[in-house]
Amino acid sequence: MVTPHGVVQTPAFMPVGTRGAVKAVTARDLEDLGAEIILGNTYHLYLKPGDSLIARCGGLHKFIGWNRPILTDSGGYQVFSLAAMRRIDDEGATFRSHLDGSLHQLTPERAVDIQAQLGSDIAMVLDECVGPRPGSDPGCSLTQGSDPGRSFTHPGSDPGRSVTHISADVARTAMERSAEWAQRARRRLLRLREDPESVPEVIVTNPGQAQFGIIQGGTDPGLRSESVQKTMEIGFEAYAIGGLSVGEPVDVMYDIVAHTAPLLPGDRPRYLMGTGMPDDLIECVARGVDLFDCVLPTRNARNGQLLTSRGPLVIKNARYAEDMSPPDPDCGCYTCRHFSRAYLRHLFVVGEMTSATLNSLHNLHFYLDTMRRIREAIVFGSFEKLRREFHQTFSRRPQI
RNA sequence: GGCGAGGUAGCGAAGCGGUCAAACGCAGCAGACUGUAAAUCUGUCGCCCCAGCGGCUUCGGAGGUUCGAAUCCUCCCCUCGCCA
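Numbered per the working numbering, the first sequence spans residues 199 to 598.
The structure is reproduced here in structure tokens:
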């Protein structure tokens, strides 16, 4: 995949740096780990420090000291994850800021403008992501929403662990609206490309920015097909599969990927948004995916879970208190080369910041190395063997 | 030696006649986490078990009052503070 800031080998994994930083690690760490592209978030960077500020500072790459490719998500995921504090209508999404409670409207056009100012190499269109997890009442809150001014839940409240079904209605509405929004986003970007003077309030900091459309449609293959058709009619540099890994059973996710990916152009990267566990990566590569991002390696690292060649390892468990072996004996990362489980457990238990850093370095290494191995296996014809290996190591998690 | 305050589960700390195996916090133990409101959240947390509105032993110690005591009374032990 060729971008203004360099080439990305695919299949690729993008570490998530929502607010302009991959939590707990430095840009140099990421370079050393071999990360070729990272992800940033429109919604978060718009709220702080603001896209205009970043534009005035020369764009996101310069601002964060990362000169390799960046993909920015549109804020579509926040439409989903902040369900309790936003309202959606055809125009766009109105958010109650999670930082200070202020109201903000994110429209498809605005999401394009913000990303133009950020100057990422790949901009995502604003979409409406739906799934079983966040909304307390997904069946209706997705479209109606209550007044975002009053419905304020606190981070700790964790509203939606319970899995409910996404009604076909809701999935269709979200899919159709996403397609409308995609159309508007494309129109906006083309205008910025062709006649930037006509939009003086936007500083385009990366003229070579690509724009990806996003396929929605929930867990219904028919809706997915429709979404592919509508989105490809508009025409984007490439396409992403959204609305998965949002609480549905993993097998359903696999099936939808298997259905959807082959419908997308084979000569363009197919991006599966927000996935997944290590075995999900290889399973979805097998189904045609080229690009991934996921907070799992970094978040789980901070929460004490290491992903290793032997499977998940919860470093905080008491059994590692005096275990002087490395987290993963087969891993060559900085953490595994230098530190023991006993020490890493201690760092976690006492809450040292280094814990987050060392755990994150390991997990990111594991993810990036997994992608390297997948690429090699494809070239050398050992893909199925590698796939079996991952399947055995990360055997199916129990489904709800 | 005198006066005062207090001794509750690993620690801190509520409770002051029944609904108390005892709130809450911490520590401990386990789990969750998938386009990051997350260095977060959830469960568990006296002992036993066939895990139940189950059994057993608890609230410094010993007696007592009461149908019933962590809660009331008596004596004792021990901490801390002030004064000698």
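Even glycine gets a Cβ: it sits at the ideal position worked out from N, Cα and C.
Source: prediction; values computed, not measured.
Contact defined as beta carbons within less than 8 Å: I believe residue i pairs with residue j. What is the distance between those atoms, to the nearest angstrom?
i	j	result
I435	Q409	Going by the sequence as given, residue 435 is Glu instead of Ile. Indeed they touch by this definition, with Cβ atoms about 6 Å apart.
D249	I312	4 Å
R585	I454	In fact, because the Cβ distance is near 19 Å, the residues do not count as touching under 8 Å.
A372	V323	Going by Cβ atoms, the distance from A372 to V323 rounds to 13 Å, so no, they are not a contact pair.
L470	V487	4 Å
G290	Q276	Actually they are not in contact, since the Cβ atoms of G290 and Q276 sit about 12 Å apart, beyond 8 Å.
D325	G440	6 Å
S553	C529	That pair is no contact at about 17 Å.
G177	F546	Residue coverage of the chain in this structure runs from 199 to 598, which leaves residue 177 outside it and unanswerable.
P202	G406	4 Å
CA-CA distance, residue i and residue j?
i	j	result
Y437	G411	5 Å
V223	I235	15 Å
P447	T403	40 Å
R389	R535	51 Å
F278	A369	12 Å
P527	L511	12 Å
P346	S272	Residue confidence for P346 is low, a pLDDT of 30 falling below 50, so the modelled location carries little weight; the figure read from the coordinates is stated next. Spanning the two alpha carbons is a distance of roughly 20 Å.
Y565	M430	30 Å
G226	M551	The question names Gly, yet the displayed sequence has Arg at residue 226. Cα-Cα distance, rounded: 18 Å.
M283	K514	34 Å
Q597	P330	Because Q597 sits at a pLDDT of 40, beneath the cut-off of 50, its placement in the model cannot be relied upon, and the following sentence gives the value as read from the coordinates. Their backbone Cα atoms lie some 13 Å apart in a straight line.
V376	C327	Note on identity: in this sequence residue 376 is Ser, with Val being the wrong assignment. Their backbone Cα atoms lie some 8 Å apart in a straight line.
P213	R485	21 Å
F581	I401	44 Å
D367	G274	19 Å
A575	T208	12 Å
R466	N557	33 Å
H544	L280	34 Å
P524	E374	50 Å
Y532	M199	28 Å
L421	I286	20 Å
E392	L542	53 Å
A499	V577	31 Å
V493	A233	14 Å
D288	H560	43 Å
P247	F261	11 Å
S295	T270	19 Å
E489	P398	The sequence shown places Leu at residue 489, not Glu. Cα to Cα, L489 sits roughly 34 Å from P398.
A314	K583	42 Å
E587	G299	47 Å
T555	T292	35 Å
S443	N265	30 Å
G263	G549	28 Å
Should residue i and residue j be called a contact, given that it needs their Cβ atoms to be closer than 8 Å?
i	j	result
R220	T496	Looking at the sequence itself, residue 220 is Val, so the reference to Arg does not match. Yes, the Cβ-Cβ distance between V220 and T496 is below 8 Å.
G238	G204	no
L243	L301	no
H589	L231	no
G472	D491	yes
I364	V483	no
R386	P306	yes
L258	L297	no
I432	R468	no
M451	F211	no
T417	A309	no
G464	T591	no
Considering only heavy atoms of the ligand GDP, does any lie closer than 7 Å to the CB of residue i?
i	result
L545	Inclusion of the ligand GDP in the displayed structure is not the case, the ligand content being empty and no account of it being possible.
* **Stretch pair the segment 246-255 + the segment 466-476: three plus CB contacts closer than 8 Å** => Counting C-beta pairs closer than 8 Å gives fewer than three between the segment 246-255 and the segment 466-476, which falls short of the contact rule.
* Asked: Counting Cβ pairs, one atom from each stretch, are 3 or more of them under 8 Å apart for the segment 457-465 and the segment 418-426?
  -> yes
* Asked: Residue ranges of each beta strand (DSSP E) run of no fewer than 3 residues wholly in the segment 457-534, ordered along the chain?
  -> 468-470, 489-492, 503-506 and 509-512
* To do: Spell out a yes or no on whether the segment 533-553 and the segment 505-518 are touching, meaning 3 or more CB-CB pairs, one atom from each, closer than 8 Å.
  => yes
* Every unbroken alpha helix (DSSP H) within the segment 360-434, with a cutoff of 4 residues, ordered by chain -> 366-392 and 419-432
* Asked: Unbroken alpha helix (DSSP H) runs of length 4 or more, entirely within the segment 546-586: which are they?
  -> 551-578
* What residue ranges within the segment 215-273 form continuous beta strand (DSSP E) runs of no fewer than 3 residues, ordered along the chain? -> Whole beta strand (DSSP E) segments, 3+ residues: 236-239 and 268-271.
* Which runs of the alpha helix (DSSP H) fall wholly inside the segment 271-295 and span at least 4 residues, in chain order? -> Counting only runs of 4 or more, we get 274-279.
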